[in-house]
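Following: one structure in structure tokens, then a few remarks.
Protein chains: 2
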Amino acid sequence: MDFCYIEDIGKHEGEKVTLKGWLYNKRSKGKIHFLLVRDGTGIIQCVLTKGEVADNIFNTSDELTQESSLEVTGTVRQDQRAPGGYELNLSDLKIIQIAQDYPITPKPHGTTFLFDHRHLYLRSRRPHAILKVRNELIWAIRNYFYKNKFVLIDTPLLTGSVGETTSTLFETQYLNEGKAYLAQTGQLYLEAAIAAFGKVYCFGPTFRAEKSKTRRHLTEFWMVEAEEAFYDNDDNMDLQEDFLIFIVNWILEKCQEELKELERDISPLEKVKKPFYRISYDEAVEKLKKAGSKIEWGTDFGGEDETILTKMFDRPVFVYNYPKKARAFYMKPHPTRDDVVLCADLLAPEGYGEIIGGSQRNDDYDSLVQRIKEENLPLDAYKWFLDLRKYGSVPHSGFGLGVERTLTWICGLSHIRESIPFPRTIYRLYP
Amino acid sequence: MDFCYIEDIGKHEGEKVTLKGWLYNKRSKGKIHFLLVRDGTGIIQCVLTKGEVADNIFNTSDELTQESSLEVTGTVRQDQRAPGGYELNLSDLKIIQIAQDYPITPKPHGTTFLFDHRHLYLRSRRPHAILKVRNELIWAIRNYFYKNKFVLIDTPLLTGSVGETTSTLFETQYLNEGKAYLAQTGQLYLEAAIAAFGKVYCFGPTFRAEKSKTRRHLTEFWMVEAEEAFYDNDDNMDLQEDFLIFIVNWILEKCQEELKELERDISPLEKVKKPFYRISYDEAVEKLKKAGSKIEWGTDFGGEDETILTKMFDRPVFVYNYPKKARAFYMKPHPTRDDVVLCADLLAPEGYGEIIGGSQRNDDYDSLVQRIKEENLPLDAYKWFLDLRKYGSVPHSGFGLGVERTLTWICGLSHIRESIPFPRTIYRLYP
Numbered sequence: 014m015d016f017c018y019i020e021d022i023g024k025h026e027g028e029k030v031t032l033k034g035w036l037y038n039k040r041s042k043g044k045i046h047f048l049l050v051r052d053g054t055g056i057i058q059c060v061l062t063k064g065e066v067a068d069n070i071f072n073t074s075d076e077l078t079q080e081s082s083l084e085v086t087g088t089v090r091q092d093q094r095a096p097g098g099y100e101l102n103l104s105d106l107k108i109i110q111i112a113q114d115y116p117i118t119p120k121p122h123g124t125t126f127l128f129d130h131r132h133l134y135l136r137s138r139r140p141h142a143i144l145k146v147r148n149e150l151i152w153a154i155r156n157y158f159y160k161n162k163f164v165l166i167d168t169p170l171l172t173g174s175v176g177e178t179t180s181t182l183f184e185t186q187y188l189n190e191g192k193a194y195l196a197q198t199g200q201l202y203l204e205a206a207i208a209a210f211g212k213v214y215c216f217g218p219t220f221r222a223e224k225s226k227t228r229r230h231l232t233e234f235w236m237v238e239a240e241e242a243f244y245d246n247d248d249n250m251d252l253q254e255d256f257l258i259f260i261v262n263w264i265l266e267k268c269q270e271e272l273k274e275l276e277r278d279i280s281p282l283e284k285v286k287k288p289f290y291r292i293s294y295d296e297a298v299e300k301l302k303k304a305g306s307k308i309e310w311g312t313d314f315g316g317e318d319e320t321i322l323t324k325m326f327d328r329p330v331f332v333y334n335y336p337k338k339a340r341a342f343y344m345k346p347h348p349t350r351d352d353v354v355l356c357a358d359l360l361a362p363e364g365y366g367e368i369i370g371g372s373q374r375n376d377d378y379d380s381l382v383q384r385i386k387e388e389n390l391p392l393d394a395y396k397w398f399l400d401l402r403k404y405g406s407v408p409h410s411g412f413g414l415g416v417e418r419t420l421t422w423i424c425g426l427s428h429i430r431e432s433i434p435f436p437r438t439i440y441r442l443y444p
Numbered sequence: 014m015d016f017c018y019i020e021d022i023g024k025h026e027g028e029k030v031t032l033k034g035w036l037y038n039k040r041s042k043g044k045i046h047f048l049l050v051r052d053g054t055g056i057i058q059c060v061l062t063k064g065e066v067a068d069n070i071f072n073t074s075d076e077l078t079q080e081s082s083l084e085v086t087g088t089v090r091q092d093q094r095a096p097g098g099y100e101l102n103l104s105d106l107k108i109i110q111i112a113q114d115y116p117i118t119p120k121p122h123g124t125t126f127l128f129d130h131r132h133l134y135l136r137s138r139r140p141h142a143i144l145k146v147r148n149e150l151i152w153a154i155r156n157y158f159y160k161n162k163f164v165l166i167d168t169p170l171l172t173g174s175v176g177e178t179t180s181t182l183f184e185t186q187y188l189n190e191g192k193a194y195l196a197q198t199g200q201l202y203l204e205a206a207i208a209a210f211g212k213v214y215c216f217g218p219t220f221r222a223e224k225s226k227t228r229r230h231l232t233e234f235w236m237v238e239a240e241e242a243f244y245d246n247d248d249n250m251d252l253q254e255d256f257l258i259f260i261v262n263w264i265l266e267k268c269q270e271e272l273k274e275l276e277r278d279i280s281p282l283e284k285v286k287k288p289f290y291r292i293s294y295d296e297a298v299e300k301l302k303k304a305g306s307k308i309e310w311g312t313d314f315g316g317e318d319e320t321i322l323t324k325m326f327d328r329p330v331f332v333y334n335y336p337k338k339a340r341a342f343y344m345k346p347h348p349t350r351d352d353v354v355l356c357a358d359l360l361a362p363e364g365y366g367e368i369i370g371g372s373q374r375n376d377d378y379d380s381l382v383q384r385i386k387e388e389n390l391p392l393d394a395y396k397w398f399l400d401l402r403k404y405g406s407v408p409h410s411g412f413g414l415g416v417e418r419t420l421t422w423i424c425g426l427s428h429i430r431e432s433i434p435f436p437r438t439i440y441r442l443y444p
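Residue numbers (the working numbering), protein chains in the order written: chain A, 14 to 444; chain B, 14 to 444.
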């Protein structure tokens with residue numbers, strides 16, 4: 014390519030380079046124009062000095078509006094005062110397109126307005142920083158599983174069998190084959206794959222047609238799910254702990270600039286170390302009651318409960334062994350208690366709450382059939398899933414981590430909609 | 014964990030280890046039982062010798078059926094004759110579950126039967142090898158983009174705006190917000206993101222409600238798409254060339270064993286080097302006509318045409334500048350010819366055909382509006398997309414690579430259904 018990127022500018026000190034990008038801002042001091050140019054990889058101050066360039070080039074700067082696209086050529090100069098440490102002394106400036114009335118101005122805008130213009134709003138500093146962290150977060154996740162020899166098994170999105178519940182599924186007509194549903198989990202398919210590969214994971218978009226209007230819900234979000242043959246619920250928690258520490262450390266190492274831009278206090282992230290707290294559901298309920306919650310044993314935690322609970326701990330906390338009636342049919346019954354199952358949720362600190370749900374899976378054919386019937390699920394749709402308990406069934410466990418909830422916590426955001434490029438929520442399908 | 018994986022067995026020569034897995038096969042020679050055990054990471058021969066283990070353990074072997082799950086403990090011994098180079102001299106054997114009448118026996122089965130049992134069929138050597146290559150292929154793809162500083166932008170799957178054509182979309186009711194469609198491409202969203210990040214990519218499942226029953230079509234498949242600001246159609250082809258060479262080399266390096274298992278002749282893959290052939294659509298039509306095809310200028314190639322064409326070349330070939338009427342509305346018109354657009358398809362050799370479609374994008378507001386109207390697409394749904402041509406429009410290009418078609422070629426498969434864990438085709442939504 015005949016141009017260079019701002020992130021690489023330090024390699025070209027003293028050299029003449031060409032950059033291509035967009036005008037972020039500009040100011041003038043008499044005979045000097047300062048143009049802040051961004052190209053997606055960084056922002057650099059470009060200096061146009063009257064007399065040093067032809068007048069027509071110097072005057073071109075007057076026409077430039079916010080977000081106009083342009084090509085600049087100049088000499089790279091180190092300057093400690095400049096943001097990024099370098100400036101470009103321009104010798105040439107070419108306009109690609111003048112932008113007219115860019116709607117997102119430096120003045121404050123409302124959230125609805127910004128998300129109605131998400132296709133443009135991505136260019137602003139805050140979403141730019143968040144999505145750069147997202148990029149690293151997803152890379153860290155994939156890196157962890159690849160290096161630890163999990164095999165990626167892409168599970169189908171269109172499925173005839175339902176996952177956990179029928180009430181929040183998006184459905185579509187599948188050619189002439191009847192209805193199909195958008196998957197809420199790839200877990201059942203991963204359970205098939207462990208007998209072929211041992212340790213597997215999937216990572217894709219997931220859908221919940223939930224009419225929830227909260228700061229924690231999207232209708233379309235990304236989830237990474239892992240499944241491990243011969244792991245029990247404790248092994249599963251050990252794995253999650255190791256995994257989460259890896260990804261948080263990765264972000265702390267790679268995204269210092271972005272976390273600074275977001276004014277994220279990183280000290281709570283620096284505390285994400287072994288061992289995480291592990292408390293039983295029973296204990297959690299007791300703690301919540303003492304803290305004034307109205308929770309009763311047997312129900313799931315609300316967002317408010319999770320907030321209270323996680324503020325009691327300075328690191329992530331596992332809550333294990335939830336009531337059977339509050340959990341999905343596929344979880345393994347506790348060996349000595351009939352009312353709870355072998356599972357755990359991992360709650361992020363600082364009030365953020367659940368980011369991982371995991372469990373040991375029911376590997377017994379008869380008991381699984383019974384649970385499917387109890388939940389009034391269509392036995393026929395689970396025929397293949399039940400096969401897995403007939404042909405060399407083994408103890409196994411798995412978990413799913415919600416990418417957007419994790420990113421929301423890591424970046425310290427107050428609403429999940431900021432954590433995905435184009436959010437889909439109860440009222441938003443555009444742009 | 015209290016067990017080790019077969020792939021790591023070489024690290025434990027002379028040591029006593031425990032493996033957990035499934036019985037793949039067994040045979041006996043009088044006082045010696047040979048058990049072939051697989052655990053997802055490999056297959057190892059385990060040896061039970063009468064007199065060296067208690068009789069009850071030796072006799073346990075008689076009960077073991079194909080795909081029974083078990084735990085074996087023994088001493089690792091190097092043996093050049095053994096597959097994998099090591100054997101396990103057993104001192105203990107525990108049955109986890111006896112499998113009854115595993116349906117996939119060593120005798121041949123029909124394709125429909127195997128794919129009806131895909132949840133079990135994954136355990137067989139051939140699908141195992143293919144999906145291990147898939148795992149590496151996807152890692153290589155992500156690795157390429159990460160290392161080359163493309164930012165991952167996950168584009169929405171549920172969308173109100175249609176992509177290229179309305180006729181092959183899956184639709185669903187989106188809560189109270191009307192109809193939503195399953196995305197056929199993330200490109201339009203990536204075009205928004207380049208102005209924020211410069212170079213971006215997305216990688217997710219893609220849907221086509223096509224009633225095509227061919228060996229190249231799935232209704233749900235994975236596609237990686239890249240989009241690059243300030244790249245023209247030639248730069249775009251250079252990038253694709255570099256990208257494809259990277260991923261093919263990666264597979265050749267990492268998947269020797271799997272390609273051998275698949276009996277893939279790797280010599281055509283070893284020829285994937287710069288420069289790829291580049292011929293215009295016009296030239297391609299001439300070549301095809303000479304070869305006896307009935308193609309007329311102006312239409313797209315059929316699968317048969319692609320097969321003929323790619324067999325003329327010993328490396329991948331770009332066909333560039335297709336007729337405008339055969340291509341999507343968003344492609345940039347040729348500067349001097351009204352009948353073609355600036356685009357290219359990359360065809361894989363050996364008859365495999367198209368694996369990448371790419372183009373320079375139309376970055377001019379007025380001409381893009383005209384094309385949308387010509388195609389009778391709903392202008393309103395493209396309002397945000399048109400915005401991108403108003404606020405700092407820049408020359409840009411992008412492409413999409415179909416993962417399953419690429420894997421089908423790399424592995425030398427005859428049908429695309431083998432290239433994805435749980436294929437979705439015109440008649441298949443199960444398991």
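Beta carbons: idealized from backbone N, C-alpha and C, even for Gly.
Around the beta-carbon of proline 346 of chain A, 16 or more other beta-carbon atoms lie within 10 Å, marking it buried. A distance below 7 Å between beta-carbons, with the five flanking residues on each side excluded, links proline 362 of chain A to the following residues of its chain, in chain order: Pro281, Thr323, Phe326, Asp327, Arg328, Pro329.
In this structure the region 396–411 of chain A lies against the region 237–256 of chain A, because at least three pairs of beta carbons, one per stretch, are closer than 8 Å. Between leucine 360 of chain A and the set A/Gly305, A/Glu276, A/Met250, A/Tyr378, the nearest pair of CA atoms involves A/Met250.
Contact note: threonine 185 of chain B reaches chain A through Phe183, Glu184, Thr185, Leu195, using a C-beta cutoff of 8 Å and chain order.
Secondary structure of proline 140 of chain B (DSSP, three-state): helix. Inclusion of leucine 36 of chain A and valine 66 of chain A in the CB contact set at 9 Å is not warranted, their separation being larger than that value. Among the bridge pairs identified by DSSP, glycine 371 of chain A is matched with A/Ala357, A/Phe412. Residues Ile368 of the same chain have their beta carbon placed closer than 6 Å to that of arginine 418 of chain A, with the five preceding and five following residues left out of the count. Sorting B/Glu388, B/Leu442, B/Leu135, B/Phe16 by C-alpha distance to the C-alpha of isoleucine 117 of chain B places B/Leu135 at the top. The alpha-carbon separation between alanine 142 of chain B and glycine 305 of chain A amounts to approximately 56 Å. Per DSSP, the unbroken alpha helix (DSSP H) holding asparagine 69 of chain B starts and ends at 68–76.
Taking tyrosine 157 of chain A as the centre and dropping the five residues before and after it, the same chain places the C-beta of Phe256, Phe259 closer than 6 Å to its C-beta, in chain order. Annotation: the continuous alpha helix (DSSP H) that includes isoleucine 207 of chain A extends over 200–210. Phenylalanine 398 of chain A has a beta carbon lying within less than 9 Å of a beta carbon in chain B. The continuous alpha helix (DSSP H) containing glutamate 283 of chain A extends over residues 280–283. The continuous alpha helix (DSSP H) containing tryptophan 397 of chain B extends over residues 396–400.
Closest in alpha carbon position to glutamate 266 of chain B, among B/Thr73, B/Asp92, B/Leu150, is B/Leu150. Taking a beta-carbon distance threshold of 9 Å, aspartate 167 of chain B counts as an interface residue toward chain A.
With a contact defined as Cβ atoms closer than 8 Å, arginine 94 of chain B and glutamate 274 of chain B miss out at about 19 Å.
Cβ atoms of alanine 297 of chain A and valine 332 of chain A come within 8 Å of each other, at about 5 Å. Between the region 208–221 of chain B and the region 44–63 of chain B there are fewer than three inter-stretch CB-CB distances shorter than 8 Å, so the stretches are not counted as touching. Here the region 72–81 of chain A lies against the region 101–115 of chain A, with 3 or more beta-carbon pairs under 8 Å apart.
Around the C-beta of proline 96 of chain A, fewer than 16 other C-beta atoms lie within 10 Å, and the residue is accordingly described as exposed. Cα atoms of arginine 229 of chain B and arginine 221 of chain B: separation of roughly 12 Å, rounded to the nearest angstrom. The three-state reading of DSSP puts arginine 131 of chain A in helix, counting H, G and I together. Beta-bridge partners of arginine 40 of chain A (DSSP): A/Phe47. Valine 382 of chain B carries a helical assignment under DSSP once its states are collapsed to helix, strand and coil.
In the structure shown, the three-state DSSP call for phenylalanine 259 of chain B is helix.
Listed by position along chain B, the residues whose Cβ is nearer than 7 Å to that of isoleucine 151 of chain A are Leu165. Put simply, the CB of histidine 230 of chain B is far from chain A, with every gap to its CB atoms at 9 Å or more.
Neighbours of glutamine 373 of chain A in chain B, taken as residues whose beta carbon is under 9 Å from its own, are absent, since the nearest beta carbon is some 15 Å off. Chain A places no beta carbon closer than 9 Å to that of proline 348 of chain B, leaving this residue out of the contacts. Arginine 147 of chain B sits close to leucine 165 of chain A, with the two beta carbons spaced by under 9 Å. Between the alpha carbons of leucine 442 of chain A and valine 85 of chain B lies a gap of roughly 54 Å. In the DSSP annotation of this structure, the continuous segment of the beta strand (DSSP E) that includes lysine 192 of chain B starts and ends at 192–195.
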